[in-house]
Amino acid sequence: MMKPQERIQLWTELLELQHRYVNVLDNNRLEEWPGFFVEDCRYEIIPKENFDAGFPVPIIYCRNAGMLRDRVLSLRNANIYEDHVYRHATSGLVITSVADGVVSTESSYIVVITSQAGESSVYQAGKYLDEVVQEDGAWRYRSKRVVYDTLRVPTLLATPI
Amino acid sequence: MMKPQERIQLWTELLELQHRYVNVLDNNRLEEWPGFFVEDCRYEIIPKENFDAGFPVPIIYCRNAGMLRDRVLSLRNANIYEDHVYRHATSGLVITSVADGVVSTESSYIVVITSQAGESSVYQAGKYLDEVVQEDGAWRYRSKRVVYDTLRVPTLLATPI
Amino acid sequence: MMKPQERIQLWTELLELQHRYVNVLDNNRLEEWPGFFVEDCRYEIIPKENFDAGFPVPIIYCRNAGMLRDRVLSLRNANIYEDHVYRHATSGLVITSVADGVVSTESSYIVVITSQAGESSVYQAGKYLDEVVQEDGAWRYRSKRVVYDTLRVPTLLATPI
Numbered sequence: 005m006m007k008p009q010e011r012i013q014l015w016t017e018l019l020e021l022q023h024r025y026v027n028v029l030d031n032n033r034l035e036e037w038p039g040f041f042v043e044d045c046r047y048e049i050i051p052k053e054n055f056d057a058g059f060p061v062p063i064i065y066c067r068n069a070g071m072l073r074d075r076v077l078s079l080r081n082a083n084i085y086e087d088h089v090y091r092h093a094t095s096g097l098v099i100t101s102v103a104d105g106v107v108s109t110e111s112s113y114i115v116v117i118t119s120q121a122g123e124s125s126v127y128q129a130g131k132y133l134d135e136v137v138q139e140d141g142a143w144r145y146r147s148k149r150v151v152y153d154t155l156r157v158p159t160l161l162a163t164p165i
Numbered sequence: 005m006m007k008p009q010e011r012i013q014l015w016t017e018l019l020e021l022q023h024r025y026v027n028v029l030d031n032n033r034l035e036e037w038p039g040f041f042v043e044d045c046r047y048e049i050i051p052k053e054n055f056d057a058g059f060p061v062p063i064i065y066c067r068n069a070g071m072l073r074d075r076v077l078s079l080r081n082a083n084i085y086e087d088h089v090y091r092h093a094t095s096g097l098v099i100t101s102v103a104d105g106v107v108s109t110e111s112s113y114i115v116v117i118t119s120q121a122g123e124s125s126v127y128q129a130g131k132y133l134d135e136v137v138q139e140d141g142a143w144r145y146r147s148k149r150v151v152y153d154t155l156r157v158p159t160l161l162a163t164p165i
Numbered sequence: 005m006m007k008p009q010e011r012i013q014l015w016t017e018l019l020e021l022q023h024r025y026v027n028v029l030d031n032n033r034l035e036e037w038p039g040f041f042v043e044d045c046r047y048e049i050i051p052k053e054n055f056d057a058g059f060p061v062p063i064i065y066c067r068n069a070g071m072l073r074d075r076v077l078s079l080r081n082a083n084i085y086e087d088h089v090y091r092h093a094t095s096g097l098v099i100t101s102v103a104d105g106v107v108s109t110e111s112s113y114i115v116v117i118t119s120q121a122g123e124s125s126v127y128q129a130g131k132y133l134d135e136v137v138q139e140d141g142a143w144r145y146r147s148k149r150v151v152y153d154t155l156r157v158p159t160l161l162a163t164p165i
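For the protein sequence lines, the chains are U, Z and E, in the order given.
Counting from 5, one number per residue, gives the positions in the first sequence under the working numbering.
Counting from 5, one number per residue, gives the positions in the second sequence under the working numbering.
Counting from 5, one number per residue, gives the positions in the third sequence under the working numbering.
If you want it as structure tokens, here you go:
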């Protein structure tokens, strides 16, 4: 059990980590995205329907940082021109457990997309379930599971959330 | 008048409180919602039109934490299945006064709803006017007034904002 | 190069500044808006298309705080009645450089608008490119460039973003 001041301090550091994560995605600097994870990591995108039913089968999953880097390469090769812009809004960040150097958190996200035609709308909403660890003096994701509410299956070439 | 460092410290604690509050609502853990309030509390939802006209007549009001707990029971009995998901985005949190142990704040909110059919859209926007007090070493709401901009009257069975 | 704890402290202060900035705009207290800037400042609104093409020609620009005050006066004279409400959601705030007392930051924003008819929708998304300096013991914007993704040209009388 952490003291309140310790919890606030840790929470602030994880909030700042989330802002840096969002910054990379929203500004299309995908090459920096894998660097937010440790090498031995997990990244999954899971429909809420599956998750709530107890079968959290992901539609997209990466089992290590190499797979994240491959994914970025695929996206760059497939989409020569940037064709949309994401803007995240995150909230509801809470620390759900701290054990053996692993901090687990839950948070809400909303993504607004602006299409190439210039129309902005709500693209997706959902939550992040993260496990965060210290590596070389910085917080990195060991696991990030994106559980999306919206019933719209992201295509295989979708930009990371 | 607080020193800047004291203000930042207090503000960070209230920001974290708001994140925990949002987390409970966005993840449908309504049973924990009354615990964010002191027993002798006020919770109101007020249309902006009324508020701006100087007649802040709420369409929903609770005069103590017991009424909040009753409200959750009603919601659970009426809605057997969860039929929508909320995701809040909050911003613009400022401390407007500190007096006699009561901290008053103002903040903006946007709620995106995902319907059972899987469509995500902006459901509501507005502001929170909160009074926060310390109880048993934790911050709790003594008063939360939700002033909504959107001209859509939440039904009596709407989930708390 | 800042130490992690220094960066988190500075970042928290700039996050709080952004919340206060948003609070003024979202609650239509435009008269306080110029006070967030030093006198010798720059405020620009730039379409992303221009910015990305290397021609960051703004559609709205102010070259000093006097022009910001003039702008508020114009808005008040032209729009006698408030006819819409903004609610910002900001995220992805990162410090991109610290040099000679100037802190540069980048962040994402989403603005939801509620029209006089009471309809809420995504109005605009984009990013802020800010330069922040200390003045009289408080952080103020020396430069704020608003680069919007959405292909909808804000009219000359639009409320500041």
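Even for Gly, the Cβ is constructed at its ideal location relative to N, Cα and C.
Given the structure is predicted, the values throughout are model-derived calculations rather than measurements.
{"Query": "Name the one or two DSSP bridge partners that U/C66 has.", "Result": "U/Y47"}
{"Query": "Using the three-state DSSP reduction, which class does U/S147 fall into: helix, strand or coil?", "Result": "strand"}
{"Query": "So Z/V26 and U/S95 are supposed to be a Cβ contact under 8 Å. How far apart are they, rounded?", "Result": "5 Å"}
{"Query": "Look up Z/K131 in the DSSP assignment and say whether it is helix, strand or coil.", "Result": "strand"}
{"Query": "Could you please tell me which residues of the region 13–25 of chain U, in chain order, have their CB closer than 7 Å to any CB of chain Z?", "Result": "W15, T16"}
{"Query": "Measure the Cβ-Cβ separation of Z/A129 and Z/I114 and say whether it is below 8 Å.", "Result": "yes"}
{"Query": "Determine the extent of the alpha helix (DSSP H) in which U/V28 is found, giving its start and end residues.", "Result": "8–30"}
{"Query": "Give the residues of chain E in contact with Z/Q120, contact being defined as C-beta atoms less than 8 Å apart.", "Result": "Going along chain E, no residue has its Cβ under 8 Å from Z/Q120, so there is no contact; the nearest lies around 20 Å."}
{"Query": "Does the beta-carbon of Z/R33 have 16 or more other beta-carbons within 10 angstroms, so that it is buried, or is it exposed?", "Result": "exposed"}
{"Query": "Mind listing the chain Z neighbours of U/D153? Cutoff is C-beta to C-beta under 8 Å, in chain order.", "Result": "V89, R91, T118, G122, S124"}
{"Query": "At a threshold of 7 Å, does U/Y25 count as lining the ligand NAD (C-beta to nearest heavy atom)?", "Result": "This structure does not include the ligand NAD; it has no bound ligands of any sort."}
{"Query": "Against chain E, does U/K148 count as a neighbour if the rule is that its beta carbon must be under 8 Å from one of theirs?", "Result": "no"}
{"Query": "Where does E/D30 land, buried or exposed, given buried means 16+ other C-beta within 10 angstroms?", "Result": "buried"}
{"Query": "Tell me the DSSP secondary structure of E/F40 in three-state form.", "Result": "helix"}
{"Query": "Counting along the chain, where does the beta strand (DSSP E) carrying Z/E53 start and finish?", "Result": "Run containing Z/E53: none in the beta strand (DSSP E); it sits in the alpha helix (DSSP H), 52–56."}
{"Query": "Out of E/I50, E/Q120, E/D134, which one is the CA nearest neighbour of E/S203?", "Result": "The structure shown does not extend to residue 203 of chain E, since chain E is modelled only from 5 to 165, so the question has no answer here."}
{"Query": "By DSSP, does E/R75 sit in helix, in strand, or in coil?", "Result": "helix"}
{"Query": "When DSSP labels each residue in this structure, what does E/A121 get in the three-state scheme?", "Result": "coil"}
{"Query": "Against chain E, does U/G141 count as a neighbour if the rule is that its beta carbon must be under 8 Å from one of theirs?", "Result": "yes"}
{"Query": "Below 8 Å on C-beta distance, what does Z/E110 contact in chain E?", "Result": "N27, N31"}
{"Query": "Taking U/I99 as part of the beta strand (DSSP E), name the residues at either end of that continuous run.", "Result": "88–103"}
{"Query": "For E/V98, which residues of its own chain have a beta-carbon under 6 Å away from its beta-carbon, when the five flanking residues on both sides are left out?", "Result": "E110"}
{"Query": "Can you grab the Cα-Cα spacing for the pair U/D140 / Z/D153, in whole Å?", "Result": "46 Å"}
{"Query": "If you drop the 5 nearest sequence neighbours on each side, which residues of the same chain put their C-beta closer than 6 Å to that of Z/R91?", "Result": "D30, V116"}
{"Query": "To the nearest angstrom, how far is the alpha carbon of E/G175 from that of U/A82?", "Result": "The shown model of chain E, from 5 to 165, leaves out residue 175 of chain E, and the question about it has no answer."}
{"Query": "Please report the straight-line C-alpha distance between E/S124 and U/R80, rounded to a whole angstrom.", "Result": "35 Å"}
{"Query": "Counting pairs of Cβ atoms below 8 Å between the region 36–43 of chain E and the region 69–76 of chain E, do you hit three or more?", "Result": "yes"}
{"Query": "When DSSP labels each residue in this structure, what does Z/P60 get in the three-state scheme?", "Result": "coil"}
{"Query": "Taking Z/M6 as the reference, which of Z/L155, Z/V126, Z/T100, Z/V137 has the closest Cα?", "Result": "Z/T100"}
{"Query": "Below 7 Å on C-beta distance, what does U/P62 contact in chain Z?", "Result": "Within 7 Å Cβ-Cβ: nothing; U/P62 doesn't reach chain Z, min ~18 Å."}
{"Query": "U/G122 and E/L155: beta carbons closer than 8 Å?", "Result": "yes"}
{"Query": "For a contact meaning CB atoms closer than 7 Å, what does U/G96 contact in chain Z?", "Result": "H23, V26, N27, D30, H92"}
{"Query": "Say whether chain Z places a C-beta atom closer than 8 Å to the C-beta of U/A82.", "Result": "no"}
{"Query": "Give the straight-line distance between the Cα atoms of U/E43 and U/Q13, rounded to the nearest whole angstrom.", "Result": "26 Å"}
{"Query": "If distances are taken between C-alpha atoms only, which option among E/A142, E/K131, E/P8, E/I165 comes closest to U/V89?", "Result": "E/K131"}
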